[in-house]
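*Asks:* The structure that follows is given in the form of structure tokens.
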Amino acid sequence: MTSVILILLVMALSAGLALQYRALDRIKRNASDLAHSLRLAQDRVKQMEQELGALCSASVGAGDHLMRLEQQVRRINERQNVLEMRSVGDRPYAQASELVHKGADIEELMEACGLTRGEAELLVMMQRGSA
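Residue numbers for the sequence shown, in our numbering: 157 to 287.
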């Protein structure tokens with residue numbers, strides 16, 4: 157009877173060991189899967205860090221380019237303002253010269269172009285003297 161109990165005990169222990177072995181094997185597979193997932197995640201993080209670094213470098217370059225473009229636009233605006241001021245300053249005389257060619261008198265020049273009497277007289281003398 158003790159041998160039967162001993163046999164049953166050995167069988168129970170064997171079954172318990174088999175269950176523990178299966179559980180341990182499943183844990184090892186899970187650990188291996190987790191390690192693989194961790195490696196993939198680490199690789200993806202490294203890749204994303206590289207992409208982020210490239211984006212940062214590109215944004216710095218774009219910022220520098222934008223600053224240069226803004227400076228260029230500012231210079232162009234300043235030149236345009238200077239040219240507009242010049243053309244506004246020259247416009248009454250060009251218009252007055254055309255009017256003199258068409259036969260306008262001093263009073264017409266003063267009214268149409270906003271010239272003083274002296275300016276209008278000088279333009280008439282210059283235009284008629286060169287003709």
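Cβ coordinates follow ideal geometry from the N, Cα and C atoms, glycine included. Please read all numbers here as calculations on a predicted model, not as lab measurements.
Taking Ala252 and Leu265 to be in contact with their CB atoms under 8 Å, please state how far apart those CB atoms are, rounded to whole angstroms.
*Replies:* Right, their Cβ atoms sit about 5 Å apart.
*Asks:* Per the contact definition of three or more C-beta pairs closer than 8 Å, is the segment 222 to 234 in contact with the segment 200 to 211?
*Replies:* Result no; under three Cβ-Cβ pairs closer than 8 Å.
*Asks:* From Asp199 to Gly172, what does the alpha carbon distance come to, in whole angstroms?
*Replies:* If I take the Cα positions, the gap works out to 40 Å.
*Asks:* Starting from Met266, follow the alpha helix (DSSP H) in both directions and report where the run begins and ends.
*Replies:* Element bounds for Met266: Ile262 to Cys269.
*Asks:* Would you mind working out which of Leu180, Thr158 and Cys269 sits nearest Ala250, comparing C-alpha positions?
*Replies:* Among Leu180, Thr158 and Cys269, the Cα nearest to that of Ala250 belongs to Cys269.
*Asks:* Which of the three DSSP states, helix, strand or coil, is assigned to Arg157?
*Replies:* This sequence places Met at residue 157; Arg is not what is there. Of the three classes helix, strand and coil, the one that applies to Met157 here is coil, per DSSP.
*Asks:* Between Ala276, Arg178 and Asp189, which has its C-alpha nearest His257's C-alpha?
*Replies:* Residue Ala276 is the option with its Cα nearest to His257.
*Asks:* Between the alpha carbons of Leu289 and Arg178, how many angstroms are there, rounded?
*Replies:* What is shown of the chain runs 157 to 287, which leaves residue 289 out entirely.
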